[in-house]
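So the protein sequences, as listed, match chains A and B.
Residue numbering for the first sequence follows this note's numbering, starting at 1 and increasing by one per position.
Residue numbering for the second sequence follows this note's numbering, starting at 1001 and increasing by one per position.
By construction, the Cβ of each residue, glycine as well, lies at the ideal position given by its N, Cα and C atoms.
These numbers come from a predicted model, not from an experiment.
The structure appears below as structure tokens.
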Amino acid sequence: MDKPSDWLYTEKVKEHFMHPRNILMDESGFSADGKGVIGNIKCGDEMALWIKVDKQKGVITDCKWKTYGCASAIASTSVLSELAIGKTLEAAYKLSSQDIAKALGGLPEHKIHCSVLGDKALRAAIDDYYTRNGMLEKVKAEKEHIICQCLGITDTEIENAVLEGARNYYQLQERTKIGTVCGKCKEKSIDLLEKYKTKYFNRV
Amino acid sequence: MKTSSKEYKVYLDHNATTPIHPEVKKTLITAMDVFGNPSSLHQFGRDARKLVEDSREKTASFINASPEEIIFVGSGSEANNTVINLFACCGSRSCDVLSPGSDRPKIITTRIEHPCVLESSACLTEKGSKVKYVGVDRYGKVDLDELRESVSGHTGLVSVMTANNEIGTIQDIKKICALVHEKGAFFHTDAVQAVGKIPVDVKDLGVDYLSFSAHKIYGPKGIGALYVRKGAPFCPFIHGGHQERGRRAGTENTLGIIGLGRAIELRGKEMSSESKRLSLLKKRLRYGIEKNIPDIYFNGHPSDSLPGTLNVSFMGAEGEAVLLYLDMEGIAVSTGSACASGSLDPSHVLMATGISQEQAHGSIRMSMGRDTSEKDVDYVIEKLSFVIKRVREISTVSSGGKRG
């Protein structure tokens, strides 16, 4: 992380929080080529992201957003919109929550998992663009399985959380926020948690 | 949003802590030179002892207790832990009533207590105690029917807070205490938010134990007090010293104790007039918010509430973002949003009142105090209207967000 300021997060987060870039203020006046929404107000974070695409070059020419969420949620969506503009669809698809945190000069670990949802919203928007343009073979969302419907958390994320050290359901929740809205996915995610624990660490 | 923090500051977080009263500050500066250990027999020790005992008398008389019923402790949390942990006592010190092995192994508390009560209770379940958490209604009032049904011959201790820190709701402690005593159980109240803000008389309430703290009432931090009724079972939480009549080991926090005594003394003079003033300010704040900001809900009880505490939920605006934008405007508040607490869930108090998660995430607590003016309130109304409008504009809610 950057040198800590007297503020809660880095100066870069503060900058983006105070002056968010690329907010979509007039939805009807913006004809997007793709839209992605992720999260849920119930859990405290929801993001919507709209992209415009240069179809010849396959490059994102504009990226607008809206966010319901805390300061790091607002700042991370703002910085993501800057990262996305000018990138090819392929490159933009690869942007991760870690890339966003890095661009902000660092975020506390628990904030990365709970407030940085923008990269998922961007992938959803890109998939939406592919779907609208009949490029279904490029849609990647289906390769993963969404386990937590409320927050759009996939089996891959559970796998990553286990690899990063989650060993029980609470630790999994701390890292992914899974099951914190309706909780219906608890049983399924515990099954997966155990599966990945066994797979990688051979312990039950 | 403004880029620089403004000069004008409004502190509306008095339930978190308060600024030191100027008179308390003066007393503390003088008292700093009294360095003797109150346990020492020489003049230095006796000087310190005198100040400690003066303070004990002031503190006791403010809540209508006897001086020997007051134990000075390190904080409100320590006072609460001390009482709950009577259950974990070895039984060697007259607390055979309150132990996991007794025929009264049950603790009853509520869903809206401070974490220091909830977590120390939960901890005891691992040692054989049983804990029951009683619910509250939408205003945060303890469900008396559920409480009545829960208390039985197997209940050792019931702990219900006098006033809630987040929503300000005041409980009917006298009634609750009578109900508990009828079943032969002991009663404790966490009065950290009540003592010095509303009248508290331990004899009138009939409580066995009562906790409070200095820094919520313009005194220093790191000092609290526990009232233990003469004859109520007791066992120290911190063992190994004769201080506080063997009830709390460790050299006395002389300066803290003196500060508490002085703060309490000043409360005696200022509380009643300040309470009236704060009630009017709260009305002004409430009315201003209602008039200027749509789509809001007030949390807590409309009348049985701390005079300076107002808790409001702004739909479609997340609390931490609101708090930090207000902070840029020089206004200090707190929120029940999960983001701000660093946990996964929003405020357990607000959720216990049955409101939606969105309401809890969008909750802002404003707690006023002796330094709050009408001008402050008007400034807050103006800035709050601006901030909420702004946060809602960038929120997904303005384009039909998902709410479930």
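Which residues in the same chain have their Cβ closer than 8 Å to the Cβ of Ser28(A), if we skip the five residues on either side of it in sequence?
none
Checklist entry - Which residues, in order along the segment 70-87 of chain A, keep a beta-carbon less than 7 Å from a beta-carbon of chain B? => result Cys70, Ala71 and Ile74
Do Glu157(A) and Ile178(A) count as a contact pair if the criterion is CB distance below 9 Å?
yes
Check: Of all the CB atoms in chain A, is at least one closer than 9 Å to the CB of Ser1092(B)?
Finding: Any reading at Ser1092(B) must be qualified, since the residue scores a pLDDT of 46, below 50, and its modelled position is unreliable; the value itself is stated next. False, the Cβ-Cβ gap to chain A never drops below 9 Å.
Leaving aside the five residues before and after Tyr1297(B) along the sequence, list all residues of the same chain whose C-beta is less than 8 Å from its C-beta, in chain order.
Val1312, Ser1313, Met1315, Ile1355 and Gln1359
Is it buried or exposed, Pro1294(B), if we count other Cβ atoms within 10 angstroms and call 16 or more buried? exposed
### Sheet register partners of Phe201(A) (DSSP bridge)
Partner(s): none; Phe201(A) has no beta bridge.
Between which two residues does the alpha helix (DSSP H) carrying Cys1123(B) extend?
Pro1115 to Thr1125
Classify Thr1335(B): buried if its beta carbon has 16 or more other beta carbons within 10 angstroms, exposed otherwise. buried
Practice problem: Check the Cβ-Cβ distances between Ala1016(B) and every residue of chain A, and say whether any is below 9 Å. | Solution: no
| query | Helix or strand or just coil, what does DSSP make of Ala166(A)? | reply | coil
**Prompt:** Looking at Glu1265(B) and Pro1412(B), is the spacing between their C-beta atoms short of 9 Å?
**Reply:** The first residue shown for chain B is 1001 and the last is 1404, placing residue 1412(B) beyond what the model contains.
Should Met1328(B) be flagged as near chain A, meaning a C-beta pair shorter than 9 Å? yes
**OP:** Taking all protein chains shown into account, decide if Ala1185(B) is buried (16 or more other Cβ within 10 angstroms of its Cβ) or exposed.
**Re:** buried
- Just curious, the alpha helix (DSSP H) that Met1351(B) is in, first and last residue? His1348 to Ala1352
Self-check item: Spatial distance of Ala1122(B) from Tyr1139(B) (CA atoms)
Solution: 25 Å
| said: Going by beta-carbon coordinates alone, are Ser1061(B) and Lys1106(B) separated by less than 9 Å? | reply: no
*asked:* Within a Cβ cutoff of 7 Å, which residues of the same chain sit near Tyr200(A), ignoring the five residues on either side of it in sequence?
replied: Val162 and Leu163
Query raised in the report: Mind pulling the chain B residues with CB within less than 8 Å of Ser115(A)?
Result: Cys1339
CA-to-CA distance, Glu174(A) to Arg1093(B), given in whole angstroms:
Residue placement at Arg1093(B) is flagged as unreliable, the pLDDT there being 49, under the threshold of 50; a coordinate-derived value is accordingly withheld.
Quiz item: When the Cα atoms are used, what is the spatial distance from Glu1190(B) to Val181(A)?
Solution: Note on residue identity: the sequence assigns Asp, not Glu, to residue 1190(B). Between Asp1190(B) and Val181(A), the C-alpha separation is close to 31 Å.
Discussion item. Which residues does DSSP list as the beta-bridge partners of Glu46(A)?
Written reply: Gly39(A) and Tyr68(A)
Contact the segment 117-126 of chain A vs the segment 71-84 of chain A: 3+ CB pairs below 8 Å: yes
For a test of the three-state rule: what should DSSP assign to Ala121(A), helix, strand or coil? helix
In the segment 1198-1258 of chain B, which residue ranges form an unbroken alpha helix (DSSP H) of at least 4 residues, counting only runs that do not cross its ends? 1202-1205 and 1243-1246
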